[in-house]
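Read in my numbering, the sequence shown has 301 at position 301, and its numbers run on one by one without any break.
All C-beta atoms in this analysis are idealised placements derived from N, C-alpha and C, irrespective of residue type, glycine included.
Fair warning: this is a prediction, and the values are worked out from it, not measured in the lab.
Here is the structure we will look at.
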Amino acid sequence: MQYLSTRTPDHSVSLSTALQEGLAPDGGLYVPSHFPDLAPEAFADCETIESVAERLLRPFADDDPLADVLPSICEAMYGFPVPVHEVGRRTSVLELFHGPTAAFKDVGARFLADSLARLNEDADRPLTILVATSGDTGAAVAAAFWRKPNVEVIVLYPKGKVSARQEQQLTGWSDNVQTVAVNGVFDDCQQLVKAAFQHDAWQSRKRLSSANSINIGRLLPQMTYYAHASLQHWRAHGTRPTVVVPSGNLGNGLACLYARECGLPIGEVVFATNANRPVTHYLETGDYQAFETQQTLATAMDVGNPSNMERLRYHWPTAEALRDAITAERVTDDEIEEQIRRGPDEWDTVWDPHTATAVEVRERLDPNENRDWMLVATAHPAKFPEVVEPLVGHEIDIPDPLAEVMARSKSVPQISPSLDELGDIVFDTETPTSVS
Ligand SMILES: *Cc1c(COP(=O)(O)O)cnc(C)c1O
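Put into C-alpha cells, the structure is as follows:
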C-alpha cells in the first residue's frame, strides 16, 4: 500500500514515512492509494478485536517495515475492552471509552506511539513529539507514549483554560513525557510548537515530530473497532447497522467510512455534529466554507474548519458524492442537555455530552424503530462532571484507568509563551543558545 498526498496525488510514500512525516511536504494529508476488498467472510476465523485488527490492517502495511511487527502492535493496541452494549429499541452502543484516558482517541494514539517507537528502535537519539493540546488529545498522546523507548513527548497546554479534571489527566506523567503549562491560550501553545519546528537550534538538537489527529497513523487503527463491532452485529442479526459518529475534526467518522469501503458490514454512516456547521452547511449548499468555532457543551467537537474535510473531499470530490456517502445532522446544546437528562430513564445509561449528540440524531431520524442503530460512545461521562452531574442528579463514578491517571497528577513547570523559556525546560541546563 502506498499513501498519497491529497494535494499532489502522484507524490506517494510508504506507511512508515507517512506516519513519521504526519503532514505531506506539500501541506496535504496522506490517504491510502486504494482500499482492500475484505468481505465479512474474510474475517471468518477472527473472533477477538486484535485478530480483526490485524486482518484489516495487514494490506495497509504490506511492503512496509511495520508489516513484521503488525501482530504485536495490534495485540498491544487495545489492552482494554471495546464492548457493544444493547440498549433497546434496535439500538446498540459502541463503547470506546474504556482506555486510559476514557475517550476513543486512546486507540489511535496507542497504535501511533507503538509504531513510532518501533520505527525508531535503532535510532541514535529519541524522536521528540511536540503536542499542543486544548485538553483531551494531549492526555491520550501522553498516556500512549509514556515509557515507550526511543520517543519522548512534550505536551503544552494553556494554564487555566482546561477543566480541573483535564488538567489532572495532563500532568500525571514522568520519565519520557514532560508536561508544561503555558500562561496563554491554546493558540499560544500551537504557536510555540510551530516556532520550535522552524527554529534551527531546536531542529539540530532534537528530532521533532508531531502526533496530531491528522496523522494517518491515528486514523487507520480507528477502522478496527468499526470492523469488529459491525462483524459482531452481522453475525448476530444479519444486518448492516446505521452508525452514528459524534464528529468534530471528522477523523473518527472518516475511519468508519474507510472500514465500509473495505467491505465491512456497515450501513448508512451519520455524522452527528454539535452546533458547529461546516459539514451540514456544505452538504446543504454544496459550498465549502470554514466557520468561526462556536463553543458548545461537546467541547471536543468544537471545530469550525475540520482538517479531515480535505480527505473527505479527496475521496468524494463533490457535495453530491459526499451526500451519497454520509448524512450529517447538527445538534444544539439544548438538545444535548435534554438527551443527557433523559438518558437514565429512557436508555438506562448516562451519556456524555458528545455521545448525547448521537442519541439525539438516532431519535430524530428513526422514532419508529425501522432499522438497526449503532451509536458511537466517544467518551465516558465522568470526564465531564460539570455538565453531566447536574442533569442526572448524582455523581458519576470515575472509571479505574482514568482514576489511576488522575491520581498521579502533580505540579508541572509554568512558562510564558516563549520558546526561550520552553527551551530552558526541555534542554535543561545544557542550553547556552539564545532561542527566541
Ligand atoms: C475528539 C473527540 C470527538 C471528535 O472526533 P473527530 O475525530 O475529531 O471527529 C468526539 N468526541 C470526543 C469525546 C472526542 O474526544
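Among the options, nearest to residue i - alpha-carbon criterion
i, options, result
"Thr-133", "Leu-23, Trp-146 and Val-155", "Val-155"
"Asn-308", "Leu-57, Pro-100, Asn-252 and Ser-411", "Asn-252"
"Glu-363", "Gln-166, Val-270 and Val-84", "Val-270"
"Arg-58", "Cys-74, Gln-198 and Leu-250", "Cys-74"
"Ser-418", "Thr-332, Leu-192, Thr-296 and Asn-276", "Leu-192"
"Glu-54", "Glu-421, Val-376, Phe-111 and Asp-136", "Phe-111"
"Glu-15", "Glu-338, Thr-8, Asp-175 and Arg-218", "Correcting the residue identity first, residue 15 is Leu in this sequence and not Glu. With distances taken between Cα atoms, Leu-15 lies closest to Arg-218."
"Cys-46", "Arg-235, Gln-198 and Thr-280", "Arg-235"
"Val-376", "Ala-39, Ile-415 and Glu-86", "Glu-86"
"Thr-318", "Gly-286, Ala-195, Asn-120 and Thr-224", "Gly-286"
"Pro-385", "Asn-212, Ile-398 and Pro-32", "Ile-398"
"Phe-104", "Val-52, Gly-27 and Val-245", "Val-245"
"Ala-102", "Leu-257, Gln-166, Thr-239 and Leu-119", "Gln-166"
"Gly-343", "His-354, Val-359 and Val-331", "Val-359"
"Lys-410", "Asp-122, Asn-183, Trp-202 and Ala-164", "Ala-164"
"His-354", "Gln-232, Thr-91, Leu-365 and Arg-330", "Arg-330"
"Ala-181", "Trp-202, Lys-159 and Phe-197", "Lys-159"
Alpha-carbon to alpha-carbon, residue j and residue i
i, j, result
"His-315", "Val-131", "28 Å"
"Asp-63", "Phe-35", "15 Å"
"Thr-494", "Lys-383", "Nothing can be reported for residue 494: it is not among the residues displayed for the chain, which extend from 1 to 436."
"Val-435", "Ile-396", "Legend: pLDDT at Val-435 = 46, less than 50; position of this residue unreliable, no value from coordinates given."
"Thr-17", "Asp-348", "46 Å"
"Ala-143", "Trp-173", "8 Å"
"Gln-169", "Ala-109", "15 Å"
"Thr-433", "Val-151", "Its pLDDT being 47, under 50, Thr-433 is placed unreliably by the model, and nothing is read from it."
"Phe-427", "Asp-200", "14 Å"
"Val-412", "Phe-97", "26 Å"
"Asn-274", "Asp-334", "10 Å"
"Val-392", "Ile-340", "7 Å"
"Leu-254", "Gln-190", "24 Å"
"Ile-129", "Met-301", "23 Å"
"Gly-263", "Glu-50", "18 Å"
"Asp-124", "Pro-149", "12 Å"
"His-228", "Thr-296", "31 Å"
"Tyr-288", "Arg-147", "42 Å"
"Ala-139", "Lys-194", "20 Å"
"Thr-6", "Gln-20", "17 Å"
"Pro-32", "Ile-216", "9 Å"
"Pro-83", "Met-223", "15 Å"
"Val-387", "Thr-357", "14 Å"
"Thr-431", "Ile-425", "Because the pLDDT at Thr-431 is just 42, under 50, the model does not fix this residue reliably, and the value given afterwards should be weighed accordingly. Cα-Cα distance, rounded: 9 Å."
"Tyr-415", "Ser-204", "The sequence given here places Ile at residue 415; Tyr does not occur at that position. Taking the straight line joining both Cα atoms gives about 23 Å."
"Asn-120", "Pro-126", "7 Å"
"Arg-313", "Leu-322", "8 Å"
"Tyr-282", "Asn-305", "11 Å"
Proximity test, residue i beta-carbon vs ligand 1 heavy atom, cut-off 7 Å
i, result
"Pro-246", "yes"
"Asp-37", "no"
"Thr-101", "no"
"His-354", "yes"
"Gly-253", "yes"
"Asp-106", "no"
"Ser-163", "no"
"Ala-144", "no"
"Met-301", "yes"
"Ser-134", "no"
"Ala-379", "yes"
"Ser-210", "no"
"Asn-249", "yes"
"Ser-418", "no"
"Ser-213", "yes"
Limits of the alpha helix (DSSP H) - the one that residue i falls within
i, result
"Phe-197", "186–198"
"Ala-53", "49–57"
"Gln-166", "164–170"
"Gln-295", "Gln-295 -> no alpha helix (DSSP H), and no H or E assigned at all."
"Gln-440", "Not covered by the structure: residue 440. The range shown for the chain is 1 to 436."
"Thr-137", "136–145"
"Ile-230", "What sits at residue 230 in the sequence shown is Ser, not Ile. Segment 216–237, the alpha helix (DSSP H) holding Ser-230."
"Thr-285", "278–285"
Below-8 Å beta-carbon distance, residue i vs any chain D residue
i, result
"Pro-83", "As a matter of chain content, chain D is missing from the structure shown, which is built from one protein chain."
Residue range of the unbroken beta strand (DSSP E) whose run includes residue i
i, result
"Ile-129", "127–132"
"Tyr-157", "151–158"
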